[in-house]
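Chemist: Residues 0 to 511 in numbering that gives the first Met the number 0 are what the sequence shown spells out, letter by letter.
For glycine and all other residues, C-beta sits at the position ideal for the given N, C-alpha and C.
Computed from a predicted structure; not experimentally measured.
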Amino acid sequence: MENLRRILMQTIEKWGMLEISAPGRTEGNPFTDYTCTATFRGKNETVIVDGFYDGGGIYRARFMPSFEGEYIYEMAGSFGESVSGTFTVTAPAEDNHGPVRVVNQFHFAYEDTKPYYSVGTTCYAWAHQPEEVHRQTLEELDKGYFNKMRFCVFPKHYIHNFRDPETFPYEGTPVDNSDLCEENFSYQVGFEGNHWDFTRFQPEHFRRIERCIVELMDRGIEADIIVMHPYDRWGFSAMTSEQDDLYWNYVVARFAAYRNVWWSLANEYDLLFQKKLEDWERYARILCEKDPYRHLRSIHNCMAFYDHSRPWVTHCSLQRQDLYRHVEFTDEYRVRWGKPIVWDEISYEGNIDMGWGNISGQELTRRFWEAAMRGGYAGHGETFVDEENDILWWSHGGPLRGESPARIRFLHKILEETPGYGLRLGQGSFDETVGISDNPASFITGNGGYEIHYYGFGRPSFRDFIKPEGSWKVEIIDTWEMTVTDGGTYAGKFRVRLPGKEYMAVRLTRID
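#1: Between residue 204 and residue 167, is the Cβ-Cβ spacing less than 8 Å?
#2: Could you tell me whether the Cβ atoms of residue 20 and residue 57 are closer together than 8 Å?
#3: Just checking my contact of residue 62 with residue 44 at CB under 8 Å: how many whole Å lie between their CB atoms?
#4: Is residue 216 helix, strand or coil when you go by DSSP?
#5: Using a Cβ-Cβ cut-off of 8 Å (strictly less than) and excluding sequence neighbours within five positions of residue 344, which residues of its own chain qualify?
#6: Apart from the five residues just before and just after residue 9, which ones in its own chain have a Cβ nearer than 6 Å to its Cβ?
#7: Can you look up residue 124 in the DSSP assignment and give me helix, strand or coil?
#8: Tell me the DSSP secondary structure of residue 135 in three-state form.
#9: Do you know offhand how far residue 442's Cα is from residue 425's?
#10: Can you give the Cα-Cα distance for residue 286 and residue 258, rounded to whole angstroms?
#11: Quick check on DSSP: helix, strand or coil for residue 452?
#12: Once DSSP output is grouped into helix, strand and coil, what is the label at residue 509?
#13: Give the secondary structure of residue 113 by DSSP, where H, G and I count as helix, E and B as strand, and everything else as coil.
#14: Straight-line CA distance for residue 360 to residue 502?
#15: Tell me, to the nearest whole angstrom, how far the beta carbon of residue 88 is from that of residue 68; I am working on the premise that it is less than 8 Å.
#16: Residue 426 by DSSP, collapsed to three states: which one?
#17: Less than 8 Å between the beta carbons of residue 401 and residue 136, yes or no?
#18: By alpha-carbon positions, which one of 64, 22, 34 ends up nearest to residue 11?
#19: For the alpha helix (DSSP H) that residue 407 lies in, which residues bound it at each end?
#20: Compute the Euclidean distance between the alpha carbons of residue 391 and residue 218, then round it to the nearest angstrom.
#21: Please identify the residue among 386, 432, 245, 403 whose C-alpha is closest to the C-alpha of residue 327.
#22: Let me confirm a value: residue 334 is counted as buried when at least 16 other C-beta atoms fall within 10 Å, else exposed. Which label applies?
#23: Once you ignore the five residues that flank residue 294 on each side, which residues in its own chain have a CB closer than 7 Å to its CB?
#24: Spatial neighbours of residue 144 within its chain, please: CB distance less than 8 Å, with the 5 preceding and 5 following residues excluded, ordered by chain position.
#25: If you reduce the DSSP assignment to three classes, tell me which class residue 248 lands in.
#26: Only counting the same chain, and skipping five residues up and downstream in sequence, which positions put a Cβ closer than 6 Å to that of residue 305?
#27: Work out the CA separation of residue 59 and residue 72 for me, nearest whole Å.
#28: Evaluate residue 194 with the Cβ neighbour count: other Cβ atoms within 10 Å of its Cβ, from every protein chain shown; 16 or more gives buried, anything less gives exposed.
#29: When burial is assigned at 16 or more other CB atoms within 10 Å of the CB, is residue 353 buried or exposed?
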């Protein structure tokens, strides 16, 4: 079977993942005692990556080729005998567009230049759930609501998250959770009762993460991997610098070769009180040095924004800081940081007791549209009370119950019809948000030839427009009912009749 696997690995598509493996030493601690690196060399690139120990006496190294053609490889180090070979990289499959990159400063595109309009969701601990919940999550993702998912490598300790994960990242035993309940739950806990060896990983835990990455890739969804977070009863958030660095290097070695990976250094980094600024900068340096594929990188806040002007930050992953205004700052933050704005947390659709998880589907949809019209992107989450199973999408996945996912999918369809790579805030009246194509022509000609006038919670029965030049196609968009109605073609001054209801938009496209 090993020989067959090696034969099948002789051909791989561009931006696919090639894995090479070899048996090696097991005495001592294979995770720390031996070196393993691999070099992949083709006509257009030479890439050197760290290998990793995957348990069972096997060492592996992974590679994502960026060019077609013939390659050679060699894996060497103190782990054991060197291995070498050749392989051919073929053209990518039709649904393989490569990793996502920043394009035109504020937007995204795949490596092959196909535009990517981010409509993400959050399922923090879906990788750590029982098989039935995992299956339900995939069934929802198959409906095409989202093209990015945020989730954690480490398990999560939080309200609605009392059960232990299916696996743990380290060898050892966890603190007893048998009496943990809402009455005695605390966000800030000590780590007594845990017994871990932070120098010995449990490979099965990381294989679960890889399974999720691949399942998302197969559905055209980006895997926004949260490497650290503060919600912890096991001690993973309070490791030493040396233990942290070992973890970061292991994670990068295992995950970086998957084309759909994004790196989130942390969820709510500012609640990890044991970590200092120099720690975050050190983690970022590891990413920049050890990820040869330059996957997107950011760091997510609770209250205090990170300094997103730092050169290693590729885009701004934001949580709202104000109860009432957040996505409305999108255009301002574009100017402040000069990078794509992604609102990964703007409250979730649901009905739990806390304000971050009980807004309506209408309001979450409005926030998505407001962010998009201003040249940014927003993220979804769902937190409906589940008295029977305590399964909430925001953490576990499972079945979706909200009204916003279908509307978010509709917004994505509208964004796909946008000329260029995205929108920016255009000229408009005080009572509307106008999104225009974010391309050089729009800077020269004002709003250019493409406009979406979004009225949010306003309910106009008509709007008047003045277009002294050209003829314009008018379309009436009902963002809640998910319809686009032909409103005719006009020039000069004209009036567009509207139904006098919330969440409407008018799209104007110049046709001559």
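Modeler: Here's the rundown:
#1: Here residue 204 refers to the residue found at position 205 when the sequence shown is read from its first residue. Here residue 167 refers to the residue found at position 168 when the sequence shown is read from its first residue. Yes, the pair counts as a contact, with Cβ atoms nearer than the cut-off.
#2: Taking the sequence shown and counting its residues from 1, the one referred to as residue 20 is at position 21. Taking the sequence shown and counting its residues from 1, the one referred to as residue 57 is at position 58. With a cutoff of 8 Å on beta-carbon distance, residue 20 and residue 57 are scored as near each other.
#3: Reading the sequence shown from its first residue, position 63 is the one you call residue 62. Reading the sequence shown from its first residue, position 45 is the one you call residue 44. Wrong, their Cβ atoms sit about 10 Å apart, outside the cutoff.
#4: Your numbering for residue 216 matches position 217 in the sequence shown. Three-state result, residue 216: helix.
#5: Position 345 of the sequence shown, counting from 1, holds the residue named residue 344. These residues qualify, in order along the chain: 121, 299, 317, 318, 319, 355, 378, 380.
#6: By 1-based counting over the sequence shown, the position of residue 9 is 10. Correct list, in chain order: 86.
#7: As a working mapping, residue 124 is identified with position 125 in the sequence shown. Of the three classes helix, strand and coil, the one that applies to residue 124 here is coil, per DSSP.
#8: Here residue 135 is taken as the residue at index 136 of the sequence shown, counted from 1. In the structure shown, residue 135 sits in a helix (DSSP, three-state: H, G or I).
#9: The residue labelled residue 442 in the question sits at position 443 within the sequence shown. The residue labelled residue 425 in the question sits at position 426 within the sequence shown. Its pLDDT being 49, under 50, residue 442 is placed unreliably by the model, and the measurement read from it follows with that caveat. CA-CA distance, residue 442 to residue 425, rounds to 9 Å.
#10: In the sequence shown, counting from the first residue as 1, residue 286 sits at position 287. In the sequence shown, counting from the first residue as 1, residue 258 sits at position 259. Our two residues, residue 286 and residue 258, have alpha carbons roughly 15 Å apart in a direct line.
#11: Here residue 452 refers to the residue found at position 453 when the sequence shown is read from its first residue. Correct three-state label for residue 452: strand.
#12: Locating residue 509 in the sequence shown gives position 510, where the first residue counts as 1. Here residue 509 sits in strand by DSSP.
#13: Locating residue 113 in the sequence shown gives position 114, where the first residue counts as 1. Of the three classes helix, strand and coil, the one that applies to residue 113 here is coil, per DSSP.
#14: As a working mapping, residue 360 is identified with position 361 in the sequence shown. As a working mapping, residue 502 is identified with position 503 in the sequence shown. So the alpha carbons of these two residues sit roughly 12 Å apart.
#15: The residue labelled residue 88 in the question sits at position 89 within the sequence shown. The residue labelled residue 68 in the question sits at position 69 within the sequence shown. At roughly 6 Å, the Cβ-Cβ gap stays under 8 Å, so residue 88 and residue 68 are in contact.
#16: One-based indexing of the sequence shown puts residue 426 at position 427. For residue 426, the three-state secondary structure derived from DSSP is coil.
#17: What you label residue 401 is simply residue 402 of the sequence shown in a count that begins at 1. What you label residue 136 is simply residue 137 of the sequence shown in a count that begins at 1. Cβ atoms of residue 401 and residue 136: not closer than 8 Å.
#18: On the sequence shown, position 12 is the one that residue 11 refers to. Among 64, 22, 34, the Cα nearest to that of residue 11 belongs to 64.
#19: As a first step, residue 407 is located in the sequence shown; it is residue number 408 there, counting from the start. Segment 403–415, the alpha helix (DSSP H) holding residue 407.
#20: Taking the sequence shown and counting its residues from 1, the one referred to as residue 391 is at position 392. Taking the sequence shown and counting its residues from 1, the one referred to as residue 218 is at position 219. Rounded to the nearest angstrom, the two C-alpha atoms are 22 Å apart.
#21: What you label residue 327 is simply residue 328 of the sequence shown in a count that begins at 1. Residue 432 is the option with its Cα nearest to residue 327.
#22: By one-based count along the sequence shown, residue 334 stands at place 335. Exposed is the call here.
#23: Within the sequence shown, the letter at position 295 stands for residue 294. Taken in chain order, the residues that qualify are 98, 255, 260, 261, 262.
#24: Counting from 1 along the sequence shown, the entry for residue 144 is found at position 145. Cβ within range, chain order: 118, 120, 379, 399, 404, 405, 407, 408.
#25: Along the sequence shown, one-based indexing puts residue 248 at 249. Reduced to three states, the DSSP call for residue 248 is helix.
#26: Within the sequence shown, numbered from 1, the residue matching residue 305 stands at position 306. So the list reads 298, once near-sequence residues are dropped.
#27: Translated into the one-based positions of the sequence shown, residue 72 becomes position 73. Translated into the one-based positions of the sequence shown, residue 59 becomes position 60. Whole-angstrom Cα-Cα distance: 13 Å.
#28: For the purposes of this step, residue 194 is taken as residue 195 along the sequence shown, with counting starting at 1. Result: exposed.
#29: Residue 353 sits at position 354 when you count from the first residue of the sequence shown. Flag for residue 353 reads exposed.
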